[in-house]
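Residue numbers (this note's numbering), protein chains in the order written: chain A, 20 to 133; chain B, 171 to 281.
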Amino acid sequence: NAGVTQTPKFRVLKTGQSMTLLCAQDMNHEYMYWYRQDPGMGLRLIHYSVGEGTTAKGEVPDGYNVSRLKKQNFLLGLESAAPSQTSVYFCASSYHLWGSQPQHFGDGTRLSIL
Amino acid sequence: TQLLEQSPQFLSIQEGENLTVYCNSSSVFSSLQWYRQEPGEGPVLLVTVVTGGEVKKLKRLTFQFGDARKDSSLHITAAQPGDTGLYLCALSKGQGFSFIFGKGTRLLVKP
């Protein structure tokens with residue numbers, strides 16, 4: 020059982036380039052989340068999804084777009100990467116929304132924007 | 171407004187010592203979770219609590235929750251190098267989007 024898988028694990032981009040981060044979960048979870056983790060800032064929610072075909076903004080959504088075309092996949096897109104988006108990105112999924120059930124995290128994507 | 175504060179930010183101790191880290195909220199929460207994150211990995215859930223005053227034990231880890239549901243502590247007895255990591259608390263206020271992570275306490279246990 021793989022749990023939550025994130026690809027790629029590492030990526031270096033130039034300012035202005037675009038890319039998509041992929042998150043896949045095999046636990047049949049309804050809820051999925053994208054976070055970014057920066058030194059001294061903790062985990063901050065970018066976007067989340069409460070089911071296939073639905074997405075919603077989190078705390079820091081600007082500069083990112085997401086899609087949930089299939090229940091098991093949650094994609095995070097950067098249309099025009101900026102140095103401020105250098106971070107470690109984590110995807111998570113859960114059976115129920117928020118704190119009543121554990122969030123299962125992937126191992127992260129380390130993204131550097133030059 | 172700081173909704174969730176964790177202290178200390180960093181803690182370095184010797185193997186075998188005891189320690190306590192804290193998580194304090196500026197408002198009442200409906201549930202609180204503690205996670206541990208090891209370098210290069212995602213956070214992993216340690217415990218969830220929903221009842222004020224509750225105490226939960228997980229081997230050498232003891233989690234205590236305030237009666238007023240605004241604070242929590244994690245006590246580790248006889249720390250081991252394997253306890254090294256970032257300890258995060260996260261709370262839910264139970265209303266719409268209201269799930270917040272603290273900035274974490276980074277623990278280093280030296281052999």
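Ideal Cβ placement from N, Cα and C applies to all residues, glycine included.
In the DSSP assignment, find the unbroken beta strand (DSSP E) run with residue i in it and report its ends.
i, result
"V225(B)", "225–228"
"K231(B)", "Checking the displayed sequence, the identity of residue 231(B) turns out to be Leu instead of Lys. It spans 231–235 - the beta strand (DSSP E) in which L231(B) sits, taken as one unbroken run."
"V85(A)", "83–86"
"T218(B)", "214–219"
"T275(B)", "275–280"
Which bits of chain B does residue i rub up against, with CB to CB less than 8 Å?
i, result
"D126(A)", "G210, E211, G212"
Going by DSSP, which residues form a beta bridge with residue i?
i, result
"S201(B)", "S262(B)"
"Q25(A)", "C42(A)"
"M51(A)", "S68(A), S112(A)"
"L189(B)", "I246(B)"
"V31(A)", "S131(A)"
Please classify residue i: does DSSP put it in a helix, a strand, or coil?
i, result
"S68(A)", "strand"
"D57(A)", "strand"
"D18(A)", "Outside the modelled stretch of chain A, which goes from 20 to 133, sits residue 18(A), for which no answer is possible."
"I253(B)", "Looking at the sequence shown, residue 253(B) is not Ile but Asp. Three-state DSSP puts D253(B) in a helix."
"S37(A)", "coil"
"S177(B)", "strand"
"S103(A)", "helix"
"E91(A)", "Here residue 91(A) turns out to be Gln, not Glu, going by the sequence shown. Residue state, collapsed to three classes: coil."
"K240(B)", "coil"
"S196(B)", "coil"
"G96(A)", "strand"
"Q120(A)", "coil"
Taking C-beta pairs closer than 7 Å, name the residues in chain B that residue i reaches, listed in chain order.
i, result
"F109(A)", "G212"
"M60(A)", "K273"
So residue i and residue j are supposed to be a Cβ contact under 8 Å. How far apart are they, rounded?
i, j, result
"E185(B)", "P251(B)", "6 Å"
"T254(B)", "H245(B)", "That belief does not hold up - the Cβ atoms of T254(B) and H245(B) are roughly 16 Å apart, past 8 Å."
"V217(B)", "Q203(B)", "7 Å"
"N92(A)", "C42(A)", "7 Å"
"D126(A)", "E211(B)", "5 Å"
"S112(A)", "Q56(A)", "That pair is no contact at about 17 Å."
Using a C-beta to C-beta distance shorter than 8 Å, which residues of chain A count as neighbours of residue i?
i, result
"L258(B)", "G61, L62"
"L231(B)", "Neighbours of L231(B) on chain A: none; closest Cβ ~16 Å, over 8 Å."
Just the chain A side, please: which residues come within less than 7 Å of residue i by C-beta, in chain order?
i, result
"L173(B)", "None at all; the shortest Cβ gap to chain A is about 11 Å."
"L244(B)", "Those within 7 Å of L244(B) in chain A number zero; the least Cβ separation is about 16 Å."
Below 9 Å on C-beta distance, what does residue i contact in chain A?
i, result
"L277(B)", "In chain order: nothing, as chain A lies at least about 15 Å away."
"L228(B)", "Under the 9 Å cutoff, chain A gives no residues; its nearest Cβ is about 13 Å from L228(B)."
Please tell me whether, using a cut-off of 7 Å, the distance from the CB of residue i to the nearest non-hydrogen atom of the ligand ATP is below it.
i, result
"S200(B)", "As for the ligand ATP, it is missing from this structure, which has no ligand bound."
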